[in-house]
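One structure below.
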Amino acid sequence: MAPGQLRFGHHVTFPPTGRRSFTDGQRPIPPLPEPPATHPVSDPIVHIAHLTKVYGRRKKPVTAVDDVSFSVAPGEVVGLLGPNGAGKTTTLKCLCTLIRPTSGKLEIAGEDVVAHPTRALGRIAAVLEGNRNIYWRLSPRENLEFFAGLQGIPARRVKGYIAELLDAFDLTTKANTSARMLSRGMQQKLALACALVKRTDILLLDEPTLGLDVETSVELRGALKRMAQEGSRTILLSSHDMHVVQDVCDRVIIIQHGRVVTDDRVANLLALFRARAYHFQLAERLTEEQEHRISSCFELIRFHHTDHTTEIEVELLRGEQLYQLMDLLRDTGVVVESIDRRDPNLEEIFLAILRRDQ
Amino acid sequence: MSATLALTAAMFKRYAIELKRYYFNTFSMMMSFYLIFVLVFYGARSFAGNEAGFGDTLAGIVVGFMVFYIVIYAYGELSWVLMAEASQGTLEQLSMSPLGLGRVLVVRIFAALVYRVGIMLAFLVLMMATTGQWLRLDLVTLLPLLVFTIASAQGLGFVMGGFALVFKQVQATLGILQFAFVGLLAAPIDRLPWLKYLPLSWGNDLIRRAMIDGVSIFAVPAGDLLFLAANGAVYFGLGFLGFKFFERQARERGLLGHY
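If you read the protein sequences in the order shown, they are chains A and B. Going by our numbering, the residue at position 50 of the first sequence is 50; the numbering climbs one at a time, nothing skipped. Going by our numbering, the residue at position 153 of the second sequence is 1153; the numbering climbs one at a time, nothing skipped.
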């Protein structure tokens, strides 16, 4: 699939960059203090073409990433979804130079990542292992100062920015407490702040809510959302947490077995699947034989039973399949009490796409 | 340049904070310096009595110990740092510095050496004050000789650091090679001159001559100094290239996040 080309017959339309409106009333994430080096808004800031990564070429080669191509526009927030071992983390790590690709081209703001890794790294910050990406014996303020220095930025130049970050992530009262004394959620927020203090315009996040309880996950999701709303950074994140992707991302790329299987705007996917997802309420319960006959004609169908009735949830891949299903139900002699369009969430869409491509 | 300065300042500050936060380890290090100096000062005195020239002998022993300690530390520190950073999950962050992992680690080792040597010198002064036995240490001669001697040890340290990036646990190899260092430091260069091409030997020989014979750096033939500088630079450079080779291997095989 060519970069920018989508399954489902769409083309990527990059969202408008710049600030989005705040809606949750929480403290905004401070924008970049200085605008990044000029980069044409119309050009992708992240460009991956035919990326392939094969481990162990001599003995039992394992293909982790297989000809992946996509682009990300400045200011866009893109989610990478996929089951374990799909190649999401490898793709992110190739982008931030931690893994050397077997073949393919990776560009950050026009810089070849493989040929000029340090130039590309000047534009990237990444959180890859959540709360393990920080120094636990250092306080939040000391961590932030250290990570600024690691980027070659003197601590005195980011003093004010550090205060803003601590405030934005609600860490001001804990600014001088050893990071090991913080809750996991706070440590995770600190890891995010440490990435932001590098003042890069591209942020890569690998499973930013992994291992958090529901409440902390919601809190961190809020922080990510505010960061996305702020709009001066391009964000590429991988996650198993569909709520994060649905809430935060403009676009989603689904990777399976190392290949891109879907690349579309989140809104498009939701609309597309909304048009295809139906809920049937039947007046009687179907027999096993009737169910088997119907399910053999539809890939994405589920039956739910009560004592006397059956409900059907189905994804119709083509419009005419609705007539086909109605014909099959008429043959059973069971009365259809109601038909509704369902509002699928991203999780259901994700599973439907994975099943389709298996 | 200012970026490297910012990195250096950050590394020095972090190391100082960690010395404070890992206070038990720091205290143990200080105690070990103190005990060793006690052993050297009183042990040497019990052997030599208060003969004339005892001060020079003691200074020789003290400097010998310091050279051995610093060399072993410089050689092993990088591997320990890489193993620790990998296991705490921060090695990938260091590897993503736009200043390059090599530069980050050189600065890290430099900061560690400055603090360690500083603490050791402070304890030496303390020991001299408490025993009243003031040693004549010609720092103008010692420091340049020490820097190039350490450089060759650091070259070997880079290779071991490269092994640590790829193979992760290298403690056993580090321990075994420390014995080789004893051999290199004790190499009889006057009988087997070719030994001077190995790391450490020539530098240690010059330091010994400076300490025992009281030779100032200005009296050391320029050729000898140039050879020492070249020896240090070559081993440091080769070691660094070796490290870069293993770093590339680690990136090739996706090992930077492993431990």
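Quick reminder that beta carbons are idealized off the backbone N, C-alpha and C, glycines included. Predicted, not measured: the structure shown is a model, and the values here were computed from it.
Consult DSSP for residue i and reduce its assignment to one of helix, strand or coil.
| i | result |
| --- | --- |
| B:I1207 | helix |
| A:L6 | With a pLDDT of 30 at A:L6, under the threshold of 50, the modelled position of that residue is not reliable, and no figure is offered here. |
| A:A278 | With the sequence shown as reference, residue 278 of chain A is identified as Tyr, and Ala is not the correct amino acid for it. Note: A:Y278 maps to strand in three-state DSSP. |
| B:I1217 | helix |
| B:V1159 | helix |
| B:L1200 | coil |
| A:I301 | strand |
| A:H47 | strand |
| A:K88 | helix |
| A:G130 | helix |
| A:K105 | strand |
| A:F70 | strand |
| A:D327 | helix |
| B:Q1169 | coil |
| A:I339 | strand |
| A:V197 | coil |
| A:Q290 | helix |
| A:K53 | strand |
| A:R355 | helix |
| B:D1138 | coil |
| A:E284 | coil |
Quick check on the burial criterion: 16 or more other C-beta atoms within 10 angstroms. Buried or exposed for residue i?
| i | result |
| --- | --- |
| A:H305 | exposed |
| A:M326 | exposed |
| B:I1176 | exposed |
| A:G25 | With a pLDDT of 45 at A:G25, under the threshold of 50, the modelled position of that residue is not reliable, and no figure is offered here. |
| A:S217 | buried |
| A:K88 | buried |
| B:F1167 | exposed |
| B:F1047 | exposed |
| B:S967 | Beyond the ends of chain B as shown, which are 1001 and 1259, falls residue 967 of chain B; an answer cannot be given. |
| A:H11 | Low confidence applies here, because A:H11 scores a pLDDT of 34, under 50, leaving its location unreliable and the question unanswered by this model. |
| A:P117 | buried |
| B:M1031 | exposed |
On a Cα-Cα basis, can you pick out the residue from the options that is closest to residue i?
| i | options | result |
| --- | --- | --- |
| B:A1084 | B:L1113, B:I1017, B:V1170 and B:A1153 | B:V1170 |
| A:R123 | B:F1179, B:L1165 and B:S1097 | B:S1097 |
| B:V1062 | B:P1188, B:L1226, B:I1217 and B:L1035 | B:L1035 |
| B:V1040 | B:L1058, B:F1024, B:M1031 and B:S1032 | B:L1058 |
| B:D1138 | B:G1175, B:A1210, B:I1070 and B:Q1088 | B:A1210 |
| A:V54 | A:R302, A:L210, A:Q281 and A:D66 | A:D66 |
| A:G211 | A:C96, A:H47, A:G333 and A:S239 | A:S239 |
| A:R180 | A:D206, A:R137, A:G152 and A:V158 | A:R137 |
| A:R221 | A:H243, A:T200 and A:I235 | A:H243 |
| A:S183 | A:D213, A:C194 and A:G333 | A:D213 |
| A:I29 | A:H292, A:T118, A:L196 and A:A267 | A:L196 |
| A:G79 | A:H308, A:S338, A:L316 and A:E207 | A:E207 |
| A:V68 | A:D331, A:E347 and A:I254 | A:I254 |
| A:K105 | A:K60, A:S71, A:E291 and A:N84 | A:S71 |
| A:D201 | A:L165, A:F350, A:A120 and A:R100 | A:A120 |
| B:G1232 | B:A1153, B:A1111 and B:Y1023 | B:A1153 |
Is there at least one Cβ from chain B nearer than 9 Å to residue i's Cβ?
| i | result |
| --- | --- |
| A:R132 | yes |
| A:K53 | yes |
| A:K159 | no |
| A:T209 | no |
| A:T91 | no |
| A:A267 | no |
| A:L325 | no |
| A:S238 | no |
| A:A126 | yes |
Can you check whether the C-beta of residue i is within less than 9 Å of a C-beta belonging to chain A?
| i | result |
| --- | --- |
| B:I1017 | yes |
| B:V1114 | no |
| B:K1168 | no |
| B:G1089 | yes |
| B:V1104 | yes |
| B:K1244 | no |
| B:L1099 | yes |
| B:T1004 | yes |
| B:L1256 | yes |
| B:L1094 | yes |
| B:L1007 | yes |
| B:M1029 | no |
| B:R1014 | yes |
| B:S1209 | The amino acid at residue 1209 of chain B is misidentified as Ser; the sequence shows Arg. So no, B:R1209 is outside the interface. |
| B:A1010 | yes |
Going along chain E in order, which residues have a C-beta closer than 8 Å to the C-beta of residue i?
| i | result |
| --- | --- |
| A:R137 | Any reference to chain E falls outside this structure, whose protein chains are A and B. |
**Prompt:** What are the complete alpha helix (DSSP H) segments, minimum 4 residues, inside the stretch 1044-1123 of chain B?
**Reply:** 1054-1088 and 1091-1095
**Request:** At 3 residues or longer, and completely inside the stretch 200-245 of chain A: list those beta strand (DSSP E) runs for me, N to C.
**Result:** Listed in chain order, the complete beta strand (DSSP E) runs (minimum 3 residues) inside the stretch 200-245 of chain A are 202-206 and 234-238.
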